[in-house]
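Residues 621 to 1069, numbered by this note's numbering, are exactly what the first sequence covers, in order. Glycine included, each C-beta is placed from N, C-alpha and C at the ideal position. First the structure, in the form of structure tokens, and then the observations on it.
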Amino acid sequence: MSQYHSYIAIEHLSNYIGKEVTLNGWVSDRTDKGKLCFIKLRDGSGIVQCVAFRPTIGDELFEQAKSLTQESSVSITGTVRAESRAPSGVELDIVNVKIWQIAKEYPITPKEHGTEFLMQHRHLWLRSTRQNAIMRIRAAVIKAIRDFFDGNGFKLMDSPILTPNACEGTSTLFETKYFDLGSAYLSQSGQLYAEASAMALGKVYTFGPTFRAEKSKTRRHLTEFWMVEPEMAFFDLNDDMDLAEDLVEYIVQYVLQTCQKELAAMGRDISKLEAIRRPFYRMSYTEAVEWLNKNDVKLNKKQSDGSEIQIDFPWGEDFGAPQEEAIMQQFDKPCIIHRYPAEVKAFYMKRDPDQPKVALAMDMLAPEGAGEIIGGSQREDDFDALLSRIEHEKLPREAFEWFLDLRKYGSVPHSGFGLGVERTVKWISGAEHIREVIPFPRMIYRIVP
RNA sequence: UCCGACUUAGCUCAGCUGGUUAGAGCAUCUGACUGUUAAUCAGAGGGUCCGCGGUUCAAGUCCGCGAGUCGGAGCCA
């Protein structure tokens, strides 16, 4: 790469002890003590304390250093010195200060703030140490995902974001006008297009933003989030589950290798992540229902008069958050639950030839209360079976004609899944809310900034 | 959509059974200090108590309606 500027990143400062360097960044904090002035300089890569001592640097420069407010932008030249009292082990003795701008009173002070205030100032909140660490972990997770697929024979095949209809026909979509062709909808999944792509290139993945207009109000939902969806020709459900485990193991180990500082900044218990090695746990839906009933985990059922009663968990009902949480409490590694009742799953999932009421579907649940991070399945590859599912769900056949074509011209067994990037980053980083792990979250009651 | 909680200074909050001039810490400004890292010490400024209506001699406090935010359920990644 070209040498764009002769400046040095703070994260590499320990290689320059005894040398004079220029750092560019922002003042994260300043404190004076008589003839001493301490400036914490942040450049995105790290934070270092810069020290000005009045008798050695002179009155004019000292007054300049003292005038710096929180988040003022500066270039500071100084000599790097090993300093045992500093958290990073180094400090900078100031030789010169170039002020780019003296910042106005900064809203985010070094004390606590509530989430509402911080979310209103998301554009500034991103500068804080914790948010910096989360964004670096997010970048590492995304790089791990790309490296994993690119290195294993997958090709990136982007899916369209504007689509003519609901992918799965269930969830609420964002609608927009589309010239003279009526309405278009923001994609809630790239999967159908990934299936077509897999028939062209074998093993593919799509990676992009996804939109759900559901009025979800929980700490694991966003209306706009990022999802990676691999799709593989000639993969059955077992291959699909193996791939999901390989991917998740790879992501966690990659973050462990490259984000030690960031995980420490988050106060993350590293041993919990080190335990994430294959094999993970697996359980069929039927086994899970038996486990729930053996362990007395009931289902809250609303009666017609509005009151709630608790009943044994009936086979055929989909799991909610309470069931998933109960199941995961026994596990320190992710668990895949597979072979769900077909009725609660999407129309394109293949039925289990051995159990016609069961779909070859799978969900991966992450430990520590992180919940579902992956949902996938083996796809229905039989033309007649798929068509009858489309008709049964009362989906418009015209819109799925091209999708049916894939079952007309060289249909093969194939499988895939979707992994939610933000849910994965939330789990690995230990962030307590999903809104912290995407730079500018989109939620039901927030679209600014 | 359903259930619950909250709203007082720029920020985080306290404010008792309704009672006289509205409280603290931080932030900001002024001053002191050669080792602070949530510095300390002394001083100063800073208020539509979310809005509207009601009860009362008296409302930040009680009641009603509305707004906003947060958490949970459902939906799912």
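Buried or exposed by the 16-neighbour rule on C-beta atoms within 10 Å, applied to residue i
i            : result
residue 718  : exposed
residue 846  : buried
residue 1040 : buried
residue 1032 : exposed
residue 634  : exposed
residue 1083 : Because the chain is modelled from 621 through 1069, residue 1083 falls outside the range shown and cannot be assessed.
residue 1068 : exposed
residue 754  : buried
residue 619  : Given a span of 621 to 1069 for the chain in the structure shown, any question on residue 619 remains unanswerable.
residue 1053 : exposed
residue 656  : exposed
residue 798  : exposed
residue 943  : buried
residue 939  : buried
residue 986  : buried
Three-state class that DSSP yields for residue i in the structure shown
i            : result
residue 1001 : coil
residue 767  : helix
residue 984  : strand
residue 743  : helix
residue 720  : strand
residue 1032 : coil
residue 750  : helix
residue 1013 : coil
residue 729  : coil
residue 1008 : helix
residue 874  : helix
residue 693  : strand
residue 1043 : helix
residue 962  : helix
residue 662  : strand
Cutoff 7 angstroms; reference residue i; Cβ partners in own chain excluding five residues on either side
i            : result
residue 843  : 831, 832, 833, 1062, 1063, 1064
residue 663  : 629, 630, 643, 644, 645
residue 756  : 879, 882
residue 977  : 961, 962
residue 730  : 649
residue 1044 : 761, 871, 993
Own chain residues within Cβ distance below 8 angstroms of residue i, not counting five before or after
i           : result
residue 946 : 912, 915, 917
Proximal residues to residue i (C-beta, below 6 angstroms), its chain only, five neighbours per side dropped
i           : result
residue 640 : 699
Three or more C-beta pairs below 8 angstroms linking the region 855-869 and the region 980-992: yes
Of all the alpha helix (DSSP H) runs that stay within the bounds of the region 792-870, which reach a length of 4 or more residues? 811-821
Inter-stretch contact (C-beta, 8 angstroms, three-pair minimum) for the region 702-715 and the region 737-745: no
Under 8 angstroms, with one C-beta from each stretch per pair, do the region 811-826 and the region 770-787 reach the 3-pair mark? yes
Could you tell me whether the region 1044-1056 touches the region 885-905, using the rule of 3 or more Cβ pairs below 8 angstroms? yes
Under 8 angstroms: do the region 961-979 and the region 1000-1020 share three or more Cβ pairs, one atom per stretch? yes
State whether the region 836-855 contacts the region 718-730, with contact taken as three or more CB pairs (one from each stretch) at a distance under 8 angstroms. no
Could you tell me whether the region 931-942 touches the region 906-919, where touching means 3 or more Cβ pairs closer than 8 angstroms? yes
Taking the runs of the beta strand (DSSP E) that are 3 residues or longer, which of them lie wholly in the region 628-655? 640-653
Along the chain, which unbroken stretches of the beta strand (DSSP E) at least 3 residues long are found entirely within the region 878-952? 901-904, 919-922, 928-931
Should the region 891-907 be called in touch with the region 940-959, which here means at least 3 C-beta pairs below 8 angstroms? yes
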